[in-house]
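Enquirer:
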Amino acid sequence: FLMLRNYRLPEHTARHRRGERGDATIETVLVVPVLIFLIMGIVQFGLWMHASHIADAAARNGVSAGRLDGASPNASLEAANETLDRLADGLIAEPVVGDQRDAEGVTVRVTGTVRPVIPGVAFTVTGFAEAPFERFRGDA
1227 FLMLRNYRLP
1237 EHTARHRRGE
1247 RGDATIETVL
1257 VVPVLIFLIM
1267 GIVQFGLWMH
1277 ASHIADAAAR
1287 NGVSAGRLDG
1297 ASPNASLEAA
1307 NETLDRLADG
1317 LIAEPVVGDQ
1327 RDAEGVTVRV
1337 TGTVRPVIPG
1347 VAFTVTGFAE
1357 APFERFRGDA
């Protein structure tokens, strides 16, 4: 143990170490922005997944309200918008809710863009649901 205390590095190793001064700073300057961008990408992906689920839920709720027997023509739009207001909380920017009715059923489509975490990157979400109208059918 005492011998190690007085041990000196060979001259060529000491010179080599002096030439590496500042390397850690340069490596940090190069790596940290990449790590921050990677973390922001992961967060953006998570927000996109969450917004996709919200858009799907809004479309399903709109279809559920619009397919009921005796539902008003705007029931599906109102239910989808109410779901977006309750769940999205500004996550989905400029949401557009559209419904289509025909003789057999109702279709609801919800589209919008996710609020960006990474500047200049816009992700679109779409929710889609369709179902037949509920009707009472007596015994034939």
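My numbering applies: residue 1227 is where the sequence shown begins, and numbers increase by one.
Positions of the beta carbon are idealized from the N, C-alpha and C atoms, including for glycine.
Measuring only the C-alpha atoms, how far is residue 1309 from residue 1257?
Expert: Counted from its first residue, the sequence shown places residue 1309 at position 83. Counted from its first residue, the sequence shown places residue 1257 at position 31. About 42 Å.
Enquirer: Name the DSSP bridge partner or partners of residue 1356?
Expert: Position 130 of the sequence shown holds residue 1356. According to DSSP, which records beta bridges pairwise, residue 1356 is partnered with 1333.
Enquirer: Specify the secondary structure class of residue 1319 as computed by DSSP and reduced to three states.
Expert: The sequence position of residue 1319 within the sequence shown is 93, counting from 1. Of the three classes helix, strand and coil, the one that applies to residue 1319 here is strand, per DSSP.
Enquirer: For residue 1341 versus residue 1313, is the C-beta spacing smaller than 8 Å?
Expert: The residue labelled residue 1341 in the question sits at position 115 within the sequence shown. The residue labelled residue 1313 in the question sits at position 87 within the sequence shown. Taking 8 Å as the Cβ cut-off, residue 1341 and residue 1313 do not qualify as a contacting pair.
Enquirer: Given a threshold of 16 other Cβ atoms within 10 Å of its Cβ, counted over all protein chains shown, does residue 1321 qualify as buried or as exposed?
Expert: Residue numbering aside, residue 1321 sits at position 95 when the sequence shown is read from its first letter. When all chains shown are included, residue 1321 counts as buried.
Enquirer: Within 7 Å: the Cβ of residue 1317 and any heavy atom of the ligand COA?
Expert: This structure lacks the ligand COA; in fact it carries no ligand of any kind.
Enquirer: Tell me which residues share the same chain as residue 1349 and place their Cβ nearer than 6 Å to its Cβ, disregarding the 5 neighbours each side in the sequence.
Expert: The residue given as residue 1349 occupies position 123 in the sequence shown. Within the same chain, residue 1349 has close Cβ partners 1274, 1340.
Enquirer: Rounded to whole angstroms, what's the CA-CA distance from residue 1360 to residue 1299? Just pull it up for me.
Expert: Indexing the sequence shown from 1 puts residue 1360 at position 134. Indexing the sequence shown from 1 puts residue 1299 at position 73. Their backbone Cα atoms lie some 14 Å apart in a straight line.
Enquirer: Let me confirm a value: residue 1328 is counted as buried when at least 16 other C-beta atoms fall within 10 Å, else exposed. Which label applies?
Expert: Sequence index remark: in the sequence shown, residue 1328 carries index 102 (1-based). With fewer than 16 Cβ atoms within 10 Å of its Cβ, residue 1328 is classed as exposed.
Enquirer: Quick check: what's the CA-CA separation for residue 1358 versus residue 1292?
Expert: The count along the sequence shown starts at 1 and reaches residue 1358 at position 132. The count along the sequence shown starts at 1 and reaches residue 1292 at position 66. For residue 1358 and residue 1292, the distance between alpha carbons rounds to 10 Å.
Enquirer: Whole angstroms are fine: how far does the CA of residue 1295 sit from the CA of residue 1311?
Expert: As a working note, residue 1311 is residue 85 in the sequence shown. As a working note, residue 1295 is residue 69 in the sequence shown. Using only the alpha carbons, I get a separation of about 25 Å.
Enquirer: Once the 5 residues before and after residue 1303 are set aside, which same chain residues still bring their CB inside 7 Å of it?
Expert: Taking the sequence shown and counting its residues from 1, one reaches residue 1303 at position 77. Closer than 7 Å at Cβ, skipping near neighbours: 1288, 1323, 1325.
Enquirer: Residue 1311 by DSSP, collapsed to three states: which one?
Expert: As a position in the sequence shown, residue 1311 is number 85, starting the count at 1. Helix, per DSSP.
Enquirer: Give the DSSP-derived three-state secondary structure of residue 1341 in the structure shown.
Expert: For the purposes of this step, residue 1341 is identified with residue 115 of the sequence shown, where counting begins at 1. It is coil, neither helix nor strand.
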